[in-house]
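Please read the structure below before turning to the comments.
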Amino acid sequence: LAALEAARMEPETVAAVVLCQTPSFPDVLRWTRRVDFKGLVATPVLGQVLVRATRRRLARAWYDAALPEAVDRKPYLEPALQAYDQGADYCLASALQAVQRSEPPRTKVEVPVLSIWGALDRTHRRSDPAALAEIAPHLDLRIFDDAGHFPDLEQPRRFADEVLAFSLRHA
Numbered sequence: 474l475a476a477l478e479a480a481r482m483e484p485e486t487v488a489a490v491v492l493c494q495t496p497s498f499p500d501v502l503r504w505t506r507r508v509d510f511k512g513l514v515a516t517p518v519l520g521q522v523l524v525r526a527t528r529r530r531l532a533r534a535w536y537d538a539a540l541p542e543a544v545d546r547k548p549y550l551e552p553a554l555q556a557y558d559q560g561a562d563y564c565l566a567s568a569l570q571a572v573q574r575s576e577p578p579r580t581k582v583e584v585p586v587l588s589i590w591g592a593l594d595r596t597h598r599r600s601d602p603a604a605l606a607e608i609a610p611h612l613d614l615r616i617f618d619d620a621g622h623f624p625d626l627e628q629p630r631r632f633a634d635e636v637l638a639f640s641l642r643h644a
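Counting with our numbering, you get residues 474 to 644 for the letters of the sequence shown.
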């Protein structure tokens, strides 16, 4: 949603926006309540400690839910776990806390917006990918029926083709 905010604030400098698996603000709020139903992760400091302590287990659970059932998790999970071994972190708690402090968009984004959505992402099965049209009236929604949360990683050629075609239409 940060890219949409930038386009809303500076429409003369942003020609178009490309989003990947980005739900509407109301869907983001509902999603945060589902993944943190007890509110612990969204509690400052406590949330960071919990996520840090369970980040490897969270990564496994995340990829299990975010990827289509038939997809091998190894190419996604192993780099994440290796990154943790080298000092990387998972900022889920900070992200949830930031969302809870955010204000909903008050004005529409007038630039063209391409949103690419993976339909097999179980983490967003209750999110409506078309709901972004409420704040992005020039929404071009592309749903990859056979992709999960990462259409850009799962189907990079198709993703690149969609972005290139969109860019050429709005150059």
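Just so it is clear, CB atoms sit at the ideal spot from N, CA and C, and this is done for glycine as well.
Does residue i come out as helix, strand or coil in the three-state DSSP assignment?
i, result
"S497", "coil"
"S575", "coil"
"V582", "coil"
"S600", "coil"
"G591", "strand"
"H546", "In the sequence as presented, His is not what sits at residue 546; that position holds Arg. DSSP places R546 in coil when its eight states are reduced to three."
"V636", "helix"
"V524", "helix"
"D613", "strand"
"L492", "strand"
"Q555", "helix"
"A606", "helix"
"E483", "coil"
"P463", "The structure shown does not extend to residue 463, since the chain spans only 474 to 644, so no value can be given for it."
"V508", "helix"
Write down the C-beta distance between residue i and residue j rounded to the nearest angstrom, noting that I regard them as a contact closer than 8 Å.
i, j, result
"I608", "K581", "5 Å"
Are residue i and residue j closer than 9 Å when you measure CB to CB?
i, j, result
"T596", "A644", "no"
"Y549", "Y563", "no"
"D618", "L593", "yes"
"V524", "V508", "no"
"R642", "D500", "no"
"S497", "A620", "no"
"L502", "Q573", "yes"
"V584", "A475", "no"
Would residue i be called buried (16 or more neighbouring beta carbons within 10 Å of its own) or exposed?
i, result
"E635", "buried"
"Q559", "exposed"
"D545", "exposed"
"T486", "exposed"
"G512", "exposed"
"A553", "buried"
"Q555", "exposed"
"A532", "buried"
Tell me the rounded alpha-carbon separation between residue i and residue j.
i, j, result
"Q521", "L565", "8 Å"
"P629", "F623", "9 Å"
"A534", "A561", "18 Å"
"S640", "A489", "8 Å"
"A568", "L519", "14 Å"
"D601", "E627", "21 Å"
"H611", "R529", "39 Å"
"A633", "E576", "32 Å"
"P484", "E478", "10 Å"
"E551", "L492", "25 Å"
"R579", "M482", "11 Å"
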